[in-house]
Amino acid sequence: QADGEDGPDYSRKGADSCFACHDDQATLAVFRTPHAVPTDSRTPFGHDQLQCEACHGPGGEHAARVRRGQERPGVIAFGEGATGTVAEQNAYCIDCHASDTGLGWHGTAHDDDTITCAGCHTSHAASDPVLETSTQAEVCFDCHQQQRTQSLKPFAHVVDEGKMDCGSCHSVHDTTFDAMLVRQTLNQTCHECHAETRGPHLWEHAPVAEDCSTCHEPHGSNHPGMLTMRGPMLCQSCHSQAGHPSLAQDSDSLPSGIASQYLLGQNCMNCHGQVHGSNHPSGSKLMR
Amino acid sequence: DVDTSEWLCESCPFETGYRAEYEAGVSNVSEDAARFGNGNGYDEEGTYANFDGSGHYTTDDYQLDWMIEDLGLASRFAEISGGKQGNYGFYLAYRELPYRLFDTTQTIFTGSLGVPAGWVGAGSTSGMTALDSSLRTRGIESDRRILDAGGHWLSGEQWRVFADFRRQNNEGIDIIAGSGFSQAAQLPRVHDYETDQIDLGIQYRLPRGSATLAYYGSFFSNSNDSLSWQSPFATIMNPERNVMAEAPDNEFQQLTLSGHYRFDTWRSVVAASLATGKGEQDDGLLPYTSLSGIPSDPLPRSSLDGSVDTTNFAVTWTARPMDGLRVKAAYRYDDRDNTTPQTEWTRVIVDLVNSGEPEQNIPYSFERSKLNLSAEYRLFSDWRLSAGYDYKTLDRDFQEVAEQTEDTGWGQVRWKPRGWADLRLRGGASRRDIDRYDLSVTASAGQNPLLRKYNLAYRYREFLEFVASASLPNAPLSVGATFYRSDDDYSRSLLGMTDARETRLTTDLTWTISETASAYLVYGDEQIEASQLGSAGFGDADWSAAHDDNFDHLGIGLALRNVAEKLDLSFDYTRGNGDSAIGVTTDTNGFRPLPDLESKLDSLRIEAEYRHSEQLEITATLRYEQFSADDWALQEVEPATISTLLTLGADPYDYDLWVFGVGFRYRFGDRDIALAE
Chain A
2 QADGEDGPDY SRKGADSCFA CHDDQATLAV FRTPHAVPTD SRTPFGHDQL
52 QCEACHGPGG EHAARVRRGQ ERPGVIAFGE GATGTVAEQN AYCIDCHASD
102 TGLGWHGTAH DDDTITCAGC HTSHAASDPV LETSTQAEVC FDCHQQQRTQ
152 SLKPFAHVVD EGKMDCGSCH SVHDTTFDAM LVRQTLNQTC HECHAETRGP
202 HLWEHAPVAE DCSTCHEPHG SNHPGMLTMR GPMLCQSCHS QAGHPSLAQD
252 SDSLPSGIAS QYLLGQNCMN CHGQVHGSNH PSGSKLMR
Chain B
621 DVDTSEWLCE SCPFETGYRA EYEAGVSNVS EDAARFGNGN GYDEEGTYAN
671 FDGSGHYTTD DYQLDWMIED LGLASRFAEI SGGKQGNYGF YLAYRELPYR
721 LFDTTQTIFT GSLGVPAGWV GAGSTSGMTA LDSSLRTRGI ESDRRILDAG
771 GHWLSGEQWR VFADFRRQNN EGIDIIAGSG FSQAAQLPRV HDYETDQIDL
821 GIQYRLPRGS ATLAYYGSFF SNSNDSLSWQ SPFATIMNPE RNVMAEAPDN
871 EFQQLTLSGH YRFDTWRSVV AASLATGKGE QDDGLLPYTS LSGIPSDPLP
921 RSSLDGSVDT TNFAVTWTAR PMDGLRVKAA YRYDDRDNTT PQTEWTRVIV
971 DLVNSGEPEQ NIPYSFERSK LNLSAEYRLF SDWRLSAGYD YKTLDRDFQE
1021 VAEQTEDTGW GQVRWKPRGW ADLRLRGGAS RRDIDRYDLS VTASAGQNPL
1071 LRKYNLAYRY REFLEFVASA SLPNAPLSVG ATFYRSDDDY SRSLLGMTDA
1121 RETRLTTDLT WTISETASAY LVYGDEQIEA SQLGSAGFGD ADWSAAHDDN
1171 FDHLGIGLAL RNVAEKLDLS FDYTRGNGDS AIGVTTDTNG FRPLPDLESK
1221 LDSLRIEAEY RHSEQLEITA TLRYEQFSAD DWALQEVEPA TISTLLTLGA
1271 DPYDYDLWVF GVGFRYRFGD RDIALAE
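Residue numbers (the working numbering), protein chains in the order written: chain A, 2 to 289; chain B, 621 to 1297.
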């Protein structure tokens, strides 16, 4: 056994000791990951690093002979079959990845007392599912089940097709922003892809400038445009104008009655198409 | 210090050389369906050739990876990345994202949004006698093309420099309203947007922390400054065109300084960020009216000189002052200061009539702050008690509510016996209050003085959440469940939203049948209810609407690996049902509900991978999807159904299709990893 000075014992031959038993493909797949690049001195298999025991902890007792009937002492394990606490497991990851988790990790639902790094990351696979757009959402949905439900609603971002990932909007490690968004505010995040709504416009629509989620549910909705409520009622929640009465739209307004442009098609937006703002000098009513 | 002199790693199979796999295949789609093709590109019936692949090349020092997905589809993706790990890295990626909204839409408009030759205008759509012969199919669809490039460079263990560039092009057709006095037409607008984004930064890392200085720039440009169209209605038909403004070119730039540090004292971590940004927009303005001969004032300025300054600050402190106790304090401040000059404008109503009434543009600004305080105490070994308090403020300019505050208190109990279960119950309440609802603002906007906009109104909210997960010891099952309920009460609103409730329930079950077989079941249900009051008579409430949005889904799956050491199989079935009921009650007509808005999704996917040899795999995919919707906004709404609106006649979604695909995947390099000898 190698001596850890004033500490637990490490194995005598490092990884060579481990692979005497652990030579299955799932274990060896670590050599197809960034953790096993010998020329990168920061990685577990870099020069003078602790190889398997960098993550799994000192394995001297684990690798030593045991008496018949004696249980073999364990090492730190991750994921299924893990025996250590969440904090104990994560301490090994954060020891190297401290700067990756500094801004947004501590004190959040993802922090070191709540879920393990291995709860999301698969460190022995050549391709970590949570880092791939096509598979990331399924990893997140393991815990964020309500968002899975919402993503299947009739109108949603194409997360369920694996063409967008949760990371398009959320950064789980490295932000101090609300909802772990990738940009400082919700609107700045939405403008990543929808910059045509950013303005500033000559005629602004007040809630648009302040908070996209006043009208939109970004995880999915029963209503077109991922709106939080069907129009025209959504608009009528805030608008009851003199000269443009807030008329009730009931079944009389359907094609079977007097088909109403206030209800059918795009309801209020049949005329007020510039709901995100207008840059036309005559556009104060968001029609130009 | 560990003596690693004998740690030779002689058996370590470090990777060098080349490995890759490529797959060529064909798929057949049985039916045209825009909704099905949204995102994946399978929107048209027919056969699609496809190509996928990935590869990796390593020398002792350098790595190179590449990936190709769906090369034959409108959702194609390709990426190449590499570098020298620990020194530098780079990437170049390209993605296309198809957006498919409708393929059942029809229009009379020409490509330049003129009316066709021989068009017969009329005062209402029923008089448009050339309508049927003029309609042409025009799908509502667009494609987003995203180019990403960037890299990072490390200097020692302390410095990291990064640069990322993204260009997004969004081209296609969307729907926009072309409106007149009391008539309008849905226009199939051609749009062509381009957004460039740049992220540049330098980070200094310490064992205990980091500091980052970053620049972000986003530059949007629109190929079209304006949109012109001819009205199909005779009463306002003009020989010239109506014109509306398109989304203006704009840009936003931001500088951010952020960092964190870990202290020994109470094992504290402090993280903070400070950002200052500026958004600008100075596109040339269109005239008040595009029509000659319409009297209009000269424009007070030729462009807006629009400018928004933003400031964002956040600081978070977490600590463990004693064993078992964690505390957190966080403060956040966001400021949007719209410095766009205010000017008086005299609009020409729908291009025809000078209003004669000057009105000022309103540059909305706000300041928002949020304080969060929370603590968690571990009781015994398995129980944790938490409590927290949040305080939000929101100050706005030019709106009915200038000062808004919200207090939230919550508590949580968590039971987490090590290794097998995690149960969490959380509940709380919040009160959003306002200084006053400024009726002078309401009056200047011509709004009913009884109306309270729901994002500005007094609100009392109660919420309860339960989350549970368990993996039974020595049993192959893991289960999870969540429940959330919130009740919102806008009790001081006489018009507008008056109450809302949200209930969500999910559950999942995973069964590890054996080392090569697993199954899952997921279920989710969500209900969103809301009530609102309205006034058609510009007085007290004379109508009400009750909204009841429901959605539930069921997912079942089975995965079998290594069947006969040759075959992997997976079955996934998803069902989703949406149902939105809106009950409208008026003083005059009584209760006359709208028909339910319904959607039904059934989706089955079966995938198989057969390993013919060490190098060759044969893949097969069978997918069946059925989707139907009842939507009164579209149902039976043909282009001329509404007398005052010429629509595009989109149909509610309704499809029932199969996709069958087969592919051949060839692998270069070893599949298995063998220990070095």
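Ideal Cβ positions, reconstructed from N, Cα and C, are used throughout, including at glycine.
By DSSP, does B:Arg-1016 sit in helix, in strand, or in coil?
-> By 1-based counting over the second sequence, the position of residue 1016 of chain B is 396. B:Arg-1016 falls in the strand class under three-state DSSP.
Is it true that the CB of B:Ser-1164 sits closer than 7 Å to the CB of B:Thr-1205?
-> Counting from one through the second sequence, the residue named residue 1205 of chain B turns up at place 585. Counting from one through the second sequence, the residue named residue 1164 of chain B turns up at place 544. Judged by beta-carbon spacing, B:Ser-1164 lies within the 7 Å limit of B:Thr-1205, meaning their Cβ atoms are closer than that value.
Cα separation between B:Gly-1154 and B:His-1167?
-> What you label residue 1154 of chain B is simply residue 534 of the second sequence in a count that begins at 1. What you label residue 1167 of chain B is simply residue 547 of the second sequence in a count that begins at 1. Near 14 Å, if we compare the C-alpha coordinates of B:His-1167 and B:Gly-1154.
Hey, is the segment 253–271 of chain A in contact with the segment 230–239 of chain A, meaning 3+ C-beta pairs nearer than 8 Å?
-> Yes, the segment 253–271 of chain A is in contact with the segment 230–239 of chain A.
Using 7 Å as the limit for Cβ to Cβ distance, is B:Tyr-714 near chain A?
-> Here the question's residue 714 of chain B lines up with position 94 in the second sequence. Chain A, which has no Cβ nearer than 7 Å to the Cβ of B:Tyr-714, makes this no.
So, is the C-beta of A:Ala-64 closer than 7 Å to a C-beta in chain B?
-> Along the first sequence, one-based indexing puts residue 64 of chain A at 63. Cβ-Cβ to chain B under 7 Å: no for A:Ala-64.
Classify A:Asp-4 as buried or exposed, calling it buried when 16 or more other Cβ atoms lie within 10 Å of its own Cβ.
-> Your numbering for residue 4 of chain A matches position 3 in the first sequence. Only weak support is given to the placement of A:Asp-4: the predicted model assigns it a pLDDT of 49, under 50, and the question is left unresolved by the model.
When the distance is taken between beta carbons, is B:Asp-1251 closer than 7 Å to B:Leu-1277?
-> Along the second sequence, read from residue 1 onward, the residue named residue 1277 of chain B stands at position 657. Along the second sequence, read from residue 1 onward, the residue named residue 1251 of chain B stands at position 631. No, Cβ-Cβ distance for B:Leu-1277 and B:Asp-1251 is not below 7 Å.
Only counting runs of 3 or more residues, tell me where the beta strand (DSSP E) segments fall wholly within the segment 846–912 of chain B, in order along the chain.
-> Restricting attention to beta strand (DSSP E) runs no shorter than 3 residues, the segment 846–912 of chain B encloses them at 846–849, 862–865, 870–882 and 889–901, ordered along the chain.
Within 10 angstroms of the Cβ of B:Tyr-682, are there 16 or more other Cβ atoms? Answer buried if so, exposed if not.
-> By 1-based counting over the second sequence, the position of residue 682 of chain B is 62. Result: exposed.
Put A:Pro-35 into one of helix, strand or coil per three-state DSSP.
-> What you label residue 35 of chain A is simply residue 34 of the first sequence in a count that begins at 1. A:Pro-35 falls in the helix class under three-state DSSP.
Sheet register partners of B:Ala-834 (DSSP bridge) | Numbered from its first residue, the second sequence carries residue 834 of chain B at position 214. Partner(s): B:Gly-821 and B:Thr-876.
Where B:Asn-1209 falls, given that 16 or more other Cβ within 10 Å makes a residue buried = If you number the second sequence from 1, residue 1209 of chain B lands on position 589. Result: exposed.
Own chain, CB closer than 8 Å to A:Asp-179, minus 5 neighbours either side, in chain order | Residue 179 of chain A sits at position 178 when you count from the first residue of the first sequence. For A:Asp-179, where only same-chain residues beyond five positions count, the Cβ hits under 8 Å are Thr-186 and Leu-187.
Of all Cβ atoms in chain B, is any one closer than 7 Å to the Cβ of A:Cys-239?
-> Counted from its first residue, the first sequence places residue 239 of chain A at position 238. A:Cys-239 counts as touching chain B.
If I'm right that B:Ser-802 touches B:Thr-1267 with Cβ under 8 Å, what's the distance once you round it to whole angstroms?
-> In the second sequence, counting from the first residue as 1, residue 802 of chain B sits at position 182. In the second sequence, counting from the first residue as 1, residue 1267 of chain B sits at position 647. Between B:Thr-1267 and B:Ser-802 the Cβ distance is about 16 Å, and since that is not below 8 Å, they are no contact.
With a cut-off of 8 Å, do at least 3 Cβ pairs link the segment 1026–1034 of chain B to the segment 1046–1059 of chain B?
-> These segments touch.
Using a cut-off of 7 Å between C-beta atoms, extract the partners of B:Ile-796 located in chain A.
-> Sequence index remark: in the second sequence, residue 796 of chain B carries index 176 (1-based). Simply Gly-274.
Residue span of the alpha helix (DSSP H) that contains A:Met-234, given as start and end | Stepping through the first sequence from its first residue, residue 234 of chain A is reached at position 233. 234–237 is the span of the alpha helix (DSSP H), which, as asked, contains A:Met-234.
To which residues of the same chain is B:Leu-1214 closer than 7 Å at the C-beta, ignoring the five residues directly before and after it?
-> To locate residue 1214 of chain B, count along the second sequence from 1; it is residue 594. Correct list, in chain order: Ile-1202, Val-1204 and Trp-1252.
From what residue to what residue does the alpha helix (DSSP H) around A:Glu-62 run?
-> For the purposes of this step, residue 62 of chain A is identified with residue 61 of the first sequence, where counting begins at 1. Taken as a continuous stretch (DSSP letters only), the alpha helix (DSSP H) holding A:Glu-62 covers 61–64.
Could you work out which residues of chain A lie near B:Gln-1152, taking near to mean beta carbons separated by less than 8 Å?
-> Within the second sequence, numbered from 1, the residue matching residue 1152 of chain B stands at position 532. Residues of chain A with a Cβ closer than 8 Å to the Cβ of B:Gln-1152 are, in chain order, Met-234, Gln-237 and Ser-238.
For B:Glu-1085, which of B:Gln-1032, B:Leu-1097, B:Met-1117 and B:Ile-1133 has the nearest alpha-carbon?
-> The count along the second sequence starts at 1 and reaches residue 1085 of chain B at position 465. Distance check between B:Glu-1085 and each of B:Gln-1032, B:Leu-1097, B:Met-1117 and B:Ile-1133 places B:Gln-1032 closest, using alpha-carbon atoms only.
Residues sharing a beta bridge with A:His-245, DSSP | Counting from one through the first sequence, the residue named residue 245 of chain A turns up at place 244. According to DSSP, A:His-245 bridges with A:Gln-242.
A:Gln-2 versus A:Lys-14: straight-line alpha-carbon distance, rounded | Residue numbering aside, residue 2 of chain A sits at position 1 when the first sequence is read from its first letter. Residue numbering aside, residue 14 of chain A sits at position 13 when the first sequence is read from its first letter. Its pLDDT being 49, under 50, A:Gln-2 is placed unreliably by the model, and the measurement read from it follows with that caveat. Rounded to whole angstroms, A:Gln-2 to A:Lys-14 spans 8 Å at the Cα level.
Start and end of the beta strand (DSSP E) containing A:Thr-229?
-> Here residue 229 of chain A refers to the residue found at position 228 of the first sequence. No beta strand (DSSP E) contains A:Thr-229, which DSSP labels as neither H nor E.
Using a C-beta cutoff of 7 Å, does B:Leu-1265 count as contacting chain A?
-> In the second sequence, residue 1265 of chain B corresponds to position 645, counting from 1. Yes, B:Leu-1265 lies at the interface with chain A (some Cβ there is under 7 Å from its Cβ).
Reduced DSSP secondary structure (H/G/I, E/B, other) of B:Phe-986 = Position 366 of the second sequence, counted from the first residue, corresponds to residue 986 of chain B. Looking at B:Phe-986 - three-state DSSP - the assignment turns out to be strand.
Below 8 Å on the Cβ atoms is my guess for B:Tyr-708 versus B:Glu-699; work out the distance and round it to an integer in Å.
-> To locate residue 708 of chain B, count along the second sequence from 1; it is residue 88. To locate residue 699 of chain B, count along the second sequence from 1; it is residue 79. In this structure, B:Tyr-708 and B:Glu-699 do not form a Cβ contact; the two beta carbons are roughly 17 Å apart against a cut-off of 8 Å.
Under three-state DSSP, which class holds B:Asp-1128?
-> Within the second sequence, the letter at position 508 stands for residue 1128 of chain B. Here B:Asp-1128 sits in strand by DSSP.
With DSSP run on the structure shown, which of helix, strand or coil describes A:Ala-208?
-> As a first step, residue 208 of chain A is located in the first sequence; it is residue number 207 there, counting from the start. This sequence places Pro at residue 208 of chain A; Ala is not what is there. In this structure, A:Pro-208 counts as helix in the three-state DSSP scheme.
Got a sec: is the Cβ-Cβ distance from A:Ser-100 to anything in chain B below 7 Å?
-> As a position in the first sequence, residue 100 of chain A is number 99, starting the count at 1. True, the Cβ-Cβ gap to chain B drops below 7 Å.
Segment limits, beta strand (DSSP E) that includes B:Ala-950 | Position 330 of the second sequence, counting from 1, holds the residue named residue 950 of chain B. B:Ala-950 -> beta strand (DSSP E) spans 945–958.
Please list the segments of the beta strand (DSSP E) lying wholly inside the segment 1203–1264 of chain B, counting only runs of 3 or more residues, in order along the chain.
-> Runs of the beta strand (DSSP E) inside the segment 1203–1264 of chain B: 1217–1231 and 1236–1250.
Excluding the five sequence neighbours on either side, which residues of its own chain have a C-beta within less than 6 Å of the C-beta of B:Trp-1003, listed in chain order?
-> On the second sequence, residue 1003 of chain B is found 383 positions in, with the first residue counted as 1. Counting only Cβ-Cβ distances below 6 Å, and skipping sequence neighbours, we find Trp-1035.
Same chain only: Cβ atoms within 7 Å of B:Ile-1293, ignoring 5 sequence neighbours per side = Taking the first residue of the second sequence as position 1, residue 1293 of chain B is located at position 673. Correct list, in chain order: Pro-633.
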